[in-house]
Every structure is written in C-alpha cells, then in structure tokens.
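Q: Just so you know, we're using this note's numbering here: the sequence shown kicks off at 2 and counts up by one. Just so you know, even glycine gets a beta-carbon here, dropped at the ideal spot from N, CA and C. The model shown is predicted, which means the values in this text are computed figures rather than measured ones.
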Amino acid sequence: MFHTNHPIAALALATALTAGYGAAHAGEVVIKIGHVAPLTGNIAHMGKDNENGARMAIEELNAKGWMIGGAKARFELLSEDDAADPKQGTAAAQKLVDAKVNGVIGHLNSGTTIPASKIYFDAGIPQISPSATNPKYTLQKFDTAFRVVANDGQLGGTLGRYAVGTLHGKAVAVIDDRTAYGQGVADEFLKAAKAAGAQIVSREYTNNQATDFAAILTTVKFKKPDIVFYGGMDAQAGPLLRQMQQLGMDAKLMGGDGICSTELPKLAGEALGDGKVVCAEAGGVTKEFEKGVTDFRARYKQKFGDDVKLYAPYVYDAVMVMAAAMKKANSADPKKYLPVLKTIHYKGITGPISFDGNGDINGGTLTLYTYKNGARESLGVVK
2 MFHTNHPIAA LALATALTAG YGAAHAGEVV IKIGHVAPLT GNIAHMGKDN
52 ENGARMAIEE LNAKGWMIGG AKARFELLSE DDAADPKQGT AAAQKLVDAK
102 VNGVIGHLNS GTTIPASKIY FDAGIPQISP SATNPKYTLQ KFDTAFRVVA
152 NDGQLGGTLG RYAVGTLHGK AVAVIDDRTA YGQGVADEFL KAAKAAGAQI
202 VSREYTNNQA TDFAAILTTV KFKKPDIVFY GGMDAQAGPL LRQMQQLGMD
252 AKLMGGDGIC STELPKLAGE ALGDGKVVCA EAGGVTKEFE KGVTDFRARY
302 KQKFGDDVKL YAPYVYDAVM VMAAAMKKAN SADPKKYLPV LKTIHYKGIT
352 GPISFDGNGD INGGTLTLYT YKNGARESLG VVK
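(1) Can you say whether Pro340 is buried or exposed, counting buried as having 16 or more other CB atoms within 10 angstroms of its CB?
(2) What would DSSP say about Leu78, mapped onto helix, strand or coil?
(3) Between the beta-carbon of Gly232 and the beta-carbon of Asp178, is there less than 8 Å?
(4) Ala252 to Asp227, Cα distance in whole Å?
(5) Taking all protein chains shown into account, decide if Ala319 is buried (16 or more other Cβ within 10 angstroms of its Cβ) or exposed.
(6) Could you tell me the boundaries of the alpha helix (DSSP H) in which Ala187 lies?
(7) Which ranges does the alpha helix (DSSP H) cover as unbroken runs of at least 4 residues, wholly within the stretch 319 to 360, from first to last along the chain?
(8) Taking the Cβ atom as the reference point for each residue, do Leu40 and Gly28 lie within a distance shorter than 8 Å?
(9) Whose C-alpha, out of Phe230, Met250, Val316, is nearest the C-alpha of Glu189?
(10) Which partner residues of Val173 appear in the DSSP bridge assignment?
(11) Return the CA-CA distance between Gly104 and Lys142, expressed in angstroms with no decimal places.
(12) Hey, out of Lys373, Asn374, Thr368, whose CA is closest to Leu380's CA?
(13) What number of angstroms, rounded off, separates the C-alpha of Ser132 from the C-alpha of Ala181?
(14) Using 8 Å as the Cβ pair cut-off and three pairs as the minimum, do the stretch 235 to 242 and the stretch 152 to 171 touch?
(15) Please state the DSSP three-state secondary structure of Ser118.
(16) Helix, strand or coil: how does DSSP classify Leu62 here?
(17) Would Gly35 and Leu79 be called neighbours here (beta carbons separated by less than 8 Å)?
(18) With DSSP collapsed to three states, give me the class of Gln128.
(19) Runs of 4 residues minimum, wholly inside the stretch 209 to 264: which ones carry the alpha helix (DSSP H) assignment?
(20) Who does Glu376 pair with in a DSSP beta bridge?
(21) Between the stretch 295 to 302 and the stretch 267 to 278, do three or more beta carbon pairs fall short of 8 Å?
(22) Go ahead and label Thr51 buried or exposed: buried means 16 or more other beta carbons lie within 10 angstroms of its beta carbon, across all protein chains shown.
(23) Starting from the Cα of Ala38, find the closest Cα among Thr114, Ile69, Lys96, Lys101 and give me that residue.
(24) Our contact map puts Thr287 next to Val383 with C-beta atoms below 8 Å; I'd like the distance itself, whole angstroms only.
(25) I'd like the list of long-range same chain contacts for Gly54, defined as Cβ closer than 6 Å, with 5 residues on each side in sequence excluded.
(26) Alpha carbon to alpha carbon, what distance is there between Gly249 and Leu140?
(27) Using only alpha-carbon positions, find the residue among Asn208, Leu191, Thr207, Tyr206 that is nearest to Gln200.
(28) How is the beta strand (DSSP E) around Gly107 delimited, first residue to last?
(29) Per the DSSP calculation, His36 is bridged to which residue(s)?
(30) Can you tell me whether Met245 is buried or exposed, with buried defined as 16 or more other CB within 10 angstroms of its CB?
(31) Excluding the 5 residues preceding and the 5 following Val149 in the sequence, name in chain order all residues of the same chain whose CB lies nearer than 8 Å to its CB.
(32) Let me know if Met57 comes out buried or exposed under the rule of 16 or more other beta-carbons within 10 Å of its beta-carbon.
(33) Check Tyr206 in the structure and name its three-state DSSP category.
(34) Rounded to the nearest angstrom, what separates Gly257 and Ala281 at their Cα positions?
(35) Which whole-angstrom value is the C-beta distance of Gln1 and Gly365, which I expect to be below 8 Å?
(36) Under the three-state reduction of DSSP, which class applies to Thr19: helix, strand or coil?
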C-alpha cells in the first residue's frame, strides 16, 4: 500500500488529481467551489450576503480536516460577480469552467442562473442554486442543475391563494420587472389569485433598474386595487412603497422573496407601515430546525458584523450538501460525485435536503412574512 509521503506515490497522486478536477499539493487535494452572485449593482447587498454564506461553509469545511480520495481536502472559494446581468453571468460561468472548478453554488438570480446552467451542463459541472426560483431552471432537464429552495410555482401560487383567502383581496394589480424571476413569480401569483376569485384590474411592467414608478402607479391607483403585487427585488420595492404612500394609495403590497429582505425597512422608510407588506421567502425553517438557523445567524453576525439579509443560510447548506456528496463518493471529480448528489439525503441547517428527478428540493418550504415596527415578522411556514 502506497502512502503519500512516498515520493513515487506522491507524484502519482499529484499527476492524477491535476489531470482531472483538483490539484494536489504536499498530500492535500485542492477542491475549487465556484460562487456567482451580483457583487455590484443595486442588489449587491444580497449578492454579498450569499457570498458570505459560502465563505462560512468553506472555512468550516477546512476546519473539519476531511480526507477525500486519500488526501486531505482543502476547499477554496472562487467568487465571481455577475451584476445580475445575463451576459455577465454567462461570462462568469465560462470563467469558472475554464478554472476547472469542482462545483458551482449560484447564481442568485433566475435571469443569470438559467443561461449559465447550459454552460455548466455542457462542462459536466454540478450547480446548486440557493435562490433562483424560476421553474424553467430545472425544467431544462440538465442533470447538473439543482436548487435548495422552493420554486416560483409554489411561491407565487401560495401568495396568490393567501391574497384572496386570508387577505380577502378582490381587486388586484400586478407589476413586474420583466426579469426571469420577476415575471415568473408575478405570472404564478396572477394565475393563483385569479383561480381563487380575485379580479386582476391592472397588469403593468417596469425594469430592474427603475426608481420612478409615478406613471405606473397613477394608472394603477385609478383601478382602485386593494392589493398590489410586485415581481422584482427590494431595491425597487422600497421606492415603490414610498411612491404609493405619496399618491395616497392604501393597498397592501405583496411580493416574493426578492422583496422579502431585512433591507426593505431601510429602503422603504416610513412608507413600510405595519402589516402593509406581505411577502414570502422561498425556504423556511420548521420548529425542529430553528435553533440551527438562529445559531448560524449569530455566527454570521459575529464574523461579518452584519445581519443575514436573506439567502446566506441556504448558500451555506448548498456548499455543505455538495461537499457531503464529494465525501460520500470519496472524490471531488464531478463525474464521480454527481450521481451521489442526485440521491443524497442531507440534514442541513435549513432542513432536510434531497432532490427530485428535476433537481428541485423535495418538500420545499415557504415562509410568509410581514413587517411591523420596522422589522420582519414571520406569519408562518407553509409547504
């Protein structure tokens, strides 16, 4: 039996690992995990939150001192900025493929995740998105594509039914930012709200860089909706709320996980009000997992001096489930650990993680939220 301190064995191990995915240095194997999110632009705070979640996972994995393929595993994070732009997203994906990453966590947005997924699939590199919710991502039948949160069909549908059944909404206006995410979640909301008996009085469109919604809101106000649904991100939802207040609109604002952040109170100011916003996060922690997420949030705050914005716990879990598949396969080679990832059952901090035939999480949960006294408040976890 060869040991890595034998010169011939060490050379053989280094050659074998360098030829594939991972490089060996003095008896250790370097495992590169790619991460992509918007680190610049108007939702950079969310992208940084995702990146921080990945960094925490990487540091904790290295502290474990795992042996994979007969060598000590050293995980490295290769982080790329896609600025929430599809073209930049595919460029970032190609860069990670060229760097021979062993796996990718990301992207944050559906609009960048979907085009990038083809590049990872062609290269045979597993990709786990911690936050992209458009159903199309996993319906492309790319066996390298996974996600650890519920999709828009579940999220938008739940919000649509809640709008009518619980909030008793009768007249509903729908606005979206025309991104893959915003349009997808708005369409699913509209479908469910209409099926539940609501009248859709207005359907409007903006873009994900807009800050002035006066023209749209003037049109919407005329239709007298009791609920306005916005498919997009918090960077627009904040100004939207401010301008709804300026126009004297008393409708509730609903939205998906893109607006459901801890930053929204800052972005909306006094216009946030109490109970004026109802949103859902794609993910949710049932009672038995609450302690794990609370502990994670405390560690995050201690490390970065800031609160978790939204998806950091899911990013952390995505890195950990990918690493667990590598450990179980005893290899960081995508060809070897991908079949293990498809059938894995992993206990994450956010809940149990396993995937269906499309790569969607089994039993995906959602958390409904509102805001009171400038803070986000849970209305409950639903499946």
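A: Reading off the structure:
(1) exposed
(2) strand
(3) yes
(4) 5 Å
(5) buried
(6) Per DSSP, Ala187 belongs to the alpha helix (DSSP H) from 181 to 196.
(7) Whole alpha helix (DSSP H) segments, 4+ residues: 335 to 344.
(8) no
(9) If we check each option's Cα against that of Glu189, Phe230 comes out closest.
(10) Ile201, Ile228
(11) 18 Å
(12) Thr368
(13) 13 Å
(14) no
(15) helix
(16) helix
(17) Yes, the Cβ-Cβ distance between Gly35 and Leu79 is below 8 Å.
(18) Three-state result, Gln128: strand.
(19) 215 to 223, 235 to 247
(20) The question names Glu, yet the displayed sequence has Ala at residue 376. Lys373.
(21) no
(22) Note on identity: in this sequence residue 51 is Asn, with Thr being the wrong assignment. Classified as buried, Asn51 has 16 or more neighbouring CB atoms from the shown chains inside 10 Å of its CB.
(23) Thr114
(24) At roughly 10 Å, the Cβ-Cβ gap does not stay under 8 Å, so Thr287 and Val383 are not in contact.
(25) Ala313, Val316, Tyr317
(26) 42 Å
(27) Leu191
(28) Run containing Gly107: 104 to 107, per the beta strand (DSSP E) assignment.
(29) Answer by DSSP bridge pairing, in chain order: Ser80, Ile106.
(30) Buried, since its Cβ has 16 or more Cβ neighbours within 10 Å.
(31) Ile129, Ser130, Pro131, Gly284, Tyr315, Asp318, Ala319, Val322, Gly349, Thr351, Ile354, Ile362
(32) When all chains shown are included, Met57 counts as buried.
(33) strand
(34) 5 Å
(35) Nothing can be reported for residue 1: it is not among the residues displayed for the chain, which extend from 2 to 384.
(36) Here the model assigns Thr19 a pLDDT of 39, short of 50, so the residue's position is not dependable and the matter cannot be decided.
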